[in-house]
Amino acid sequence: MMRKKNFKNQIMQGIGVVVALLVAQSCTDLEPQFGDSVSVESDSGAFGGVANATNALETLYNGVENMGDQANEYALMEVSADGIAVLTRGVDWSDNGIWRTLHNHTWDAQHNYVRTAWNNRNAEVLSATQLLDPASGASGAIAAQARVLRAFNMFWILDWFGKVPFRGVNDGVDVNPEVLESQAAFDFILDDLNTAISSGNLSSHGPNSDSATLAQAGEAMARMLRAKLQLNGEAFTGSAGDMNAVISDVNAIEDLGYSLDPGTGPNGYFDIWDLDVTNTEVIWIMDTFAGNRMWNMLHPNQGGWNGFVTLTENFRLFGTENPAEDARIGLAGPDVNGVAVGYLRGQQLDASGAIIQDRQGNNLVFENELLQSLEVNNERTGLRLIKYPQRGADGRPNPSNNAVFFRFTDAVLMRAEATLRGGSGSPNTALVDVNNVRTRAGAAPLGSVALDDMLDIRMRELNAENWRRQDQVRFGAFAGTWELKTVTEEFRRKYPIPADAIATNPNLTQNEGY
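Sequential numbering of the sequence shown, starting at 1, is according to our numbering.
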């Protein structure tokens, strides 16, 4: 089934998020919320299937695409880790401390983003389960995609919370959902992915497909998710995943034609995030508002809302400020008219080359200096990271609806890591993968690589791309120190089950430490 491209502007996305939140309010007990033409009930009161399987699949995709927001799921994935901070500037971005508690690892079971992420993903699991019920009459292609999307949502619940509630389609509201503990949830997700991939009903499209195709849950996307599941097996369940399975899935993705994009277009390395997504690298995109990965970093006089920054420590991992030595850092501000791509630093210019100032009349200069405070900052504090190069005539971001989620470089680094974790191959095999990623960006090759090196290697390549918290947990670094953060408790590796979920489902037990 080809997905129908669904272009959303910022206003409509905001409305969609509000609606999703309203629908999700009662999902702590996973009570089915039936509306529109999503589901029907038989005369006996049993679940009678969804009214239209095609529409139900599109609704599933829309729910996944809500992860394109800068808050909720993305905040759990990135703001709690050492990649991104959200700075309070005067009265801007204080938000009652909701961002600071993530950075400082002081959240509790009442945290709104934790609750919303829990509700959103659990509601998606139930919707996918309804679509997969035989009564819904889904075609093979629709069922295969629904199975992958269910696995995708359960993957994140398992990652964040360590357990996954599950409700059958005929369970009444008086039935408390069963709870799949970590190993059972892992096995359930793996079975869904194995079934979908082996069915032959997933699209086996390669790179350079149109954006509607790249937004499908196809074979490459499913294999990428399965490889992620196995790579994180020990962090998820306490038992190591199958590293050879990771390597096998990455090799299969490569066989579908995906490769490291050479970056020969107008934006060089950053062509990966170009509007047209015409490159050899992108595996799966979300048809969602990419501006949430751009404007949150930019100053209002650049068209943004000036909250997010990347930690300066991350920029310094490159060991250079010369993009000729590593294209991933991007050009400095004085060398680019309009908004640049990469790590924005130095004096910022508009499209005509004129100096941009902040709202107090100071030159808008982003300095390569360590952050001093989460709470007291001026409008210029912090380096900004922009990966999407689309710009309008005024030099400001003009984002597409395409947010890149899975790309082949990540897969290559996963293969290298799996090799170093005991998979087939040798350290030299992993070194080849790592150096291919580096040389594509114009960086000098390394002479050797060890497992402990991979966390920094992944930061240089994948900063702000959804994976940092998960990477830190996998490498045992999430409780450590970084810019403006002290050591925290190991139990913070998992988020708390939201308090209202615990209150409404006696089968749920709170995670350790909460």
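Backbone N, C-alpha and C fix where the C-beta goes; we use that ideal spot for every residue, glycine too.
Please read these numbers as outputs of a predicted model, since none were measured by experiment.
{"query": "Quick one: Cα of R328 to Cα of G263, how far?", "result": "11 angstroms"}
{"query": "If we count the other Cβ atoms within 10 Å of its Cβ and call it buried at 16 or more, is D174 buried or exposed?", "result": "exposed"}
{"query": "P397: buried (16+ other C-beta within 10 angstroms of its C-beta) or exposed?", "result": "buried"}
{"query": "Do three or more CB pairs link the segment 484-494 to the segment 119-132 at distances below 8 angstroms?", "result": "no"}
{"query": "For A441, which residues in the same chain have their Cβ closer than 6 angstroms to its Cβ, ignoring the five residues on either side in sequence?", "result": "Y269, D326, A327, R328"}
{"query": "Quick check on DSSP: helix, strand or coil for P134?", "result": "helix"}
{"query": "With a threshold of 8 angstroms, are at least 3 pairs of Cβ atoms found where one atom belongs to the segment 423-433 and the other to the segment 470-487?", "result": "no"}
{"query": "Tell me the residue span of the alpha helix (DSSP H) that contains L180.", "result": "Here L180 belongs to no alpha helix (DSSP H); instead the beta strand (DSSP E) covers 178-180."}
{"query": "Candidates S80, N104, Q110, G97: which alpha carbon is nearest Y514's?", "result": "Q110"}
{"query": "Here's the rule I'm using: 16 or more other beta-carbon atoms within 10 Å means buried, otherwise exposed. How should L446 be labelled?", "result": "exposed"}
{"query": "Any idea if S37 is buried or exposed, counting beta-carbon neighbours within 10 angstroms, 16 or more meaning buried?", "result": "For S37, the pLDDT reaches just 29, beneath the cut-off of 50, and the residue's location in the model is therefore unreliable, although a value from the coordinates is still provided. Exposed, because fewer than 16 other Cβ atoms sit within 10 Å of the Cβ of S37."}
{"query": "How far does the beta strand (DSSP E) with F47 in it reach, from first residue to last?", "result": "Taken as a continuous stretch (DSSP letters only), F47 belongs to no beta strand (DSSP E), as it is neither H nor E."}
{"query": "When the cut-off is 8 angstroms and only beta carbons count, does P262 lie next to chain B?", "result": "You won't find chain B in this structure, because it holds only one protein chain."}
{"query": "Quickly, what does DSSP pair I285 with across the bridge? List them, please.", "result": "V404"}
{"query": "Counting Cβ pairs, one atom from each stretch, are 3 or more of them under 8 angstroms apart for the segment 195-208 and the segment 161-172?", "result": "no"}
{"query": "What did DSSP end up calling Q347 once you bin it into helix, strand or coil?", "result": "strand"}
{"query": "Does the beta-carbon of V86 have 16 or more other beta-carbons within 10 angstroms, so that it is buried, or is it exposed?", "result": "buried"}
{"query": "Closer than 6 angstroms by C-beta to S80: which residues in its own chain qualify, once you throw out the five before and the five after it? Chain order, please.", "result": "L102, R469"}
{"query": "Let me know the secondary structure DSSP gives P516 once reduced to three states.", "result": "The chain is shown from 1 up to 514; residue 516 falls before or after that span and cannot be answered."}
{"query": "In chain order, what are the residue ranges of uninterrupted alpha helix (DSSP H) at least 4 long that sit wholly in the segment 98-132?", "result": "98-104, 112-132"}
{"query": "Based on the DSSP secondary-structure assignment, which residues constitute the bridge partners of V86?", "result": "F308"}
{"query": "Is it the case that the Cβ atoms of N402 and P165 are separated by a distance below 8 angstroms?", "result": "no"}
{"query": "My output table needs one value for V365: the three-state DSSP class, helix, strand or coil.", "result": "strand"}
{"query": "So, does the segment 54-68 touch the segment 127-138, judging by three or more C-beta pairs under 8 angstroms?", "result": "yes"}
{"query": "Does the separation of the CB atoms of Q390 and L364 fall below 8 angstroms?", "result": "no"}
{"query": "Give me, in chain order, the residues of the same chain whose beta-carbon lies closer than 7 angstroms to that of N463; leave out the 5 immediate sequence neighbours on both sides.", "result": "G83, T310, N314, L385"}
{"query": "Please list the segments of the alpha helix (DSSP H) lying wholly inside the segment 458-505, counting only runs of 4 or more residues, in order along the chain.", "result": "468-474, 499-504"}
{"query": "Quick one: what's got a C-beta closer than 7 angstroms to Q302's C-beta in the same chain, skipping five residues either side?", "result": "V339, Q348, I356, R396"}
{"query": "In chain order, what residues of the same chain have a beta carbon less than 6 angstroms from the beta carbon of D249, not counting five sequence neighbours either side?", "result": "R223, R226, A227"}
{"query": "Could you tell me if N232 is buried or exposed, where buried requires 16 or more neighbouring beta carbons within 10 angstroms of its beta carbon?", "result": "buried"}
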